[in-house]
Structures are given as C-alpha cells and as structure tokens.
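Have a look at the structure below before the remarks.
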Amino acid sequence: MSASTALRHAERADAFFQDFDVRPLPGGLGAEIVGLDLAQPLGDDDFARVHRAHLDHHVVVFRDQRITPQQHIDFSRRFGKLMIHVLHQYHLPGHPEVLIVSNIIEQGKPVGLGDAGKYWHSDISYKPLPSLGSLLHAQELPAEGGDTLFADMHKAYETLPLHLRRAIDGRRAVHSYLAKYGQMQKDGNWRPTLSPEQLAQVQEVVHPVVRTHPETGRKALFVSEGFTTRIEGLPEDESRQILDELFAHSVRPEHTYRHVWRDHDLVFWDNRSLIHLATGCPPHLRRKLYRTTIEGDLPY
Numbered sequence: 015m016s017a018s019t020a021l022r023h024a025e026r027a028d029a030f031f032q033d034f035d036v037r038p039l040p041g042g043l044g045a046e047i048v049g050l051d052l053a054q055p056l057g058d059d060d061f062a063r064v065h066r067a068h069l070d071h072h073v074v075v076f077r078d079q080r081i082t083p084q085q086h087i088d089f090s091r092r093f094g095k096l097m098i099h100v101l102h103q104y105h106l107p108g109h110p111e112v113l114i115v116s117n118i119i120e121q122g123k124p125v126g127l128g129d130a131g132k133y134w135h136s137d138i139s140y141k142p143l144p145s146l147g148s149l150l151h152a153q154e155l156p157a158e159g160g161d162t163l164f165a166d167m168h169k170a171y172e173t174l175p176l177h178l179r180r181a182i183d184g185r186r187a188v189h190s191y192l193a194k195y196g197q198m199q200k201d202g203n204w205r206p207t208l209s210p211e212q213l214a215q216v217q218e219v220v221h222p223v224v225r226t227h228p229e230t231g232r233k234a235l236f237v238s239e240g241f242t243t244r245i246e247g248l249p250e251d252e253s254r255q256i257l258d259e260l261f262a263h264s265v266r267p268e269h270t271y272r273h274v275w276r277d278h279d280l281v282f283w284d285n286r287s288l289i290h291l292a293t294g295c296p297p298h299l300r301r302k303l304y305r306t307t308i309e310g311d312l313p314y
C-alpha cells in the first residue's frame, strides 16, 4: 500500500470519530453506551470499541438513537449477514430485514408480533446457523411494563451443579421453532398458521447443549424453554428432567439483567451468550419496536 493510500484509509477511519463512554451496568451483565450517534457513520476505531463492548458485556444499550430503519439495518450489517424472519406477515414494509415487535392492532389486524419473547429463548436457535445477535430499537413504549430480561448463559454454565455438568457432557439437543407455537396460537392472535413454504424454513435442528463462543472461546449453555425440545440419546423423561433443571438454573436472579426501556433505546445482545424474555405489558398500552437479527456461526 502506498503512503498516499494509507493516509486516505487513515483519514476515512478517523473522519467520524465520536467521543462516547462504555459504562458497565450494575450486576456484571450489560453496558450502556452513551454519547454515540448511530445516525452518523461509524469510524473503524469506534466500531472496534463497540464490538469489544458487545463481546465483553454481552448486551449493550445505546441511548437516545434517532435512527431510521435503514440506518438500523446498515449498522446491523456491519456485524454480518442479516436474517429474514419466517413470519413475513410482520416485516416492516420495504425493509424485510426488520421484524416489527408490537401489540398494536390497526383495522382489526396486528401490525407486529405481539407475543415475541414470551418464553426464554436465544433468537433463531432453530436454524442451522443461529443468530449472532439481535438489535431491538424502541419506537413506541408503554407507560408501564414492557421490560426485557436477559440471562447470562456463560455464568449459567460455569455455576452448574456437578451432576448437571456430567449429564450434559458431549450431549446435543433439538431446537424447534414450533416448540411453543401451538400453545401461543391458543393464547393469542399473533401467530398465523404457517404455510408449507414457511414450515420448510423451520425444520428441526440439533446443536450442542454447551457451545463455545466463536470469538471469545468461552463456554455457554445453549438451550432454552422457548425452542429446545429434547436432548438426543436420552429417554424422554430423563431429557425432560435435565432440561427443566437447566432452564431453572439459567435464569436464577444472579444471572440476569432487567432492561427498563427508555425512549429511542437500541439494545444489542449476543444470542451466543444470552437468552432473553419479554416480561409483557398491559394489553391496552401500545408497544412497538423494530428488530434486526444477525446470522452467526455453526455452534460447536
């Protein structure tokens, strides 16, 4: 590379330097990123800081982000290929990369997926290449409720009782999008009947019960009540007992962070490290958020 080319690269990398802080949240899980405007192009050094914060803290909260859906998509794409959710009914018009998460009904029809996150889960763990992470941007928030809980699956693995650690050593588990789908159809009106084409997109997959993070090398549990149905090679009753114990252990209070949403928050979490849960809000209070999801690697 010539000196002039190197200089141009350096100028481009530093052109959009922003002065922002990464502030760890109390409790050891999550960090707040303050002073960063994602409506502006992000220089290479700033992006590297954000990437490092995401790996170190597993969930990062960008405050007061007045960004468009396209800016949301563009920032998300810097981390990898975006995944298109199987429920095309709830894509943002003109932006299929964005899933609308909302309890709002307009003209008798839901504008988004109103029961998203009803069970603890890691987004899109039911795909051969599950999600690296998800970015959820607040559009309209209720006056009460609507919090999101996150559970640290590294800590969950590291604090496993010995009998559970032995029980899952080398085991693999089945993940299915349909694990709770039928029950959610009974509980509300958010889940449409899937077409043959949609069903073909959500075939069962098998992943390790304990996965290794591809960027940090840390081990984490990779099961959830939302999508994990059974452990391969075990009798059904034994599989069920072990999974129930893993689910309960994973979400112990000392492993969790509760995010209380503020206007225009953008929350970016690592689906390789965490599971999460939507706590819900009173149905008469409007809630709407936009979500992008980044494709990850084959778990190992």
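For the sequence shown, the numbering used here begins at 15 and goes up steadily by one. C-beta: ideal position from N, C-alpha, C; glycine also.
May I ask whether a heavy atom of the ligand COA can be found less than 7 Å away from the beta carbon of residue i?
i    : result
G240 : This structure simply doesn't include the ligand COA, nor any ligand for that matter.
Which stretch, first to last residue, makes up the alpha helix (DSSP H) that contains residue i?
i    : result
R66  : 58 to 71
P38  : Counting along the chain, P38 falls outside any alpha helix (DSSP H), though it belongs to the beta strand (DSSP E) covering 35 to 38.
I87  : 83 to 91
R180 : 176 to 182
Y195 : 195 to 201
Nearest to residue i by CA position, among the options, is which residue?
i    : options                : result
A170 : G294, D35, E259        : E259
K123 : I98, D33, W204, E111   : W204
F31  : L39, R37, V64          : V64
C295 : S90, E229, L127, N117  : N117
P297 : G57, H168, H189, G128  : G128
L213 : L69, Y140, R37, Y314   : Y140
F164 : V115, D59, R266, R185  : R266
G202 : Q54, F34, G126         : G126
F236 : A62, P38, R185, D35    : R185
R37  : D58, D60, V74, Q54     : V74
R225 : Y314, L174, K200       : Y314
S238 : E250, R254, H227       : R254
R179 : K194, Q199, V223       : V223
D58  : R80, F89, L176         : F89
Q54  : A62, R80, E218         : R80
L174 : A234, V220, V274, E252 : A234
Are the CB atoms of residue j and residue i within a distance shorter than 8 Å?
i    : j    : result
R305 : L150 : yes
D183 : H72  : no
I87  : A67  : no
S264 : I289 : yes
V100 : Q215 : yes
R276 : G160 : no
L56  : Q85  : no
H109 : P83  : yes
E229 : L69  : yes
T162 : A262 : no
H278 : D78  : yes
L312 : L146 : no
L50  : F76  : yes
A181 : I256 : yes
R92  : H168 : no
V115 : L248 : no
Under DSSP, the beta strand (DSSP E) around residue i begins and ends at which residues?
i    : result
D166 : 162 to 166
H151 : 145 to 154
I47  : 45 to 48
P110 : 109 to 116
E309 : 302 to 309
H189 : 186 to 189
Strictly under 8 Å for the Cβ-Cβ distance: is residue i near chain C by that measure?
i    : result
T293 : Note that chain C does not occur in the displayed structure, where there is just one protein chain.
Three CB pairs or more closer than 8 Å across the stretch 142 to 162 and the stretch 200 to 216: Output reads no: the stretch 200 to 216 does not touch the stretch 142 to 162.
contact_flag[the stretch 270 to 285, the stretch 42 to 59] where n(CB pairs < 8 Å) is 3 or more: Yes, since at least three Cβ pairs between the stretch 270 to 285 and the stretch 42 to 59 fall closer than 8 Å, the two stretches touch.
In chain order, each alpha helix (DSSP H) run of at least 4 residues that lies wholly inside the stretch 210 to 291: If we require 4 residues or more, the alpha helix (DSSP H) runs fully inside the stretch 210 to 291 come out as 210 to 215, 250 to 264.
Cβ pair count under 8 Å reaching 3, the stretch 79 to 99 against the stretch 292 to 310: The stretch 79 to 99, when compared against the stretch 292 to 310, does touch it at the 8 Å Cβ threshold.
Three-pair Cβ contact test at 8 Å for the stretch 267 to 276 versus the stretch 114 to 132: Too few Cβ pairs lie closer than 8 Å, so no.
Inter-stretch contact at 8 Å, needing at least 3 Cβ pairs: the stretch 230 to 245 / the stretch 178 to 198: Yes, the stretch 230 to 245 is in contact with the stretch 178 to 198.
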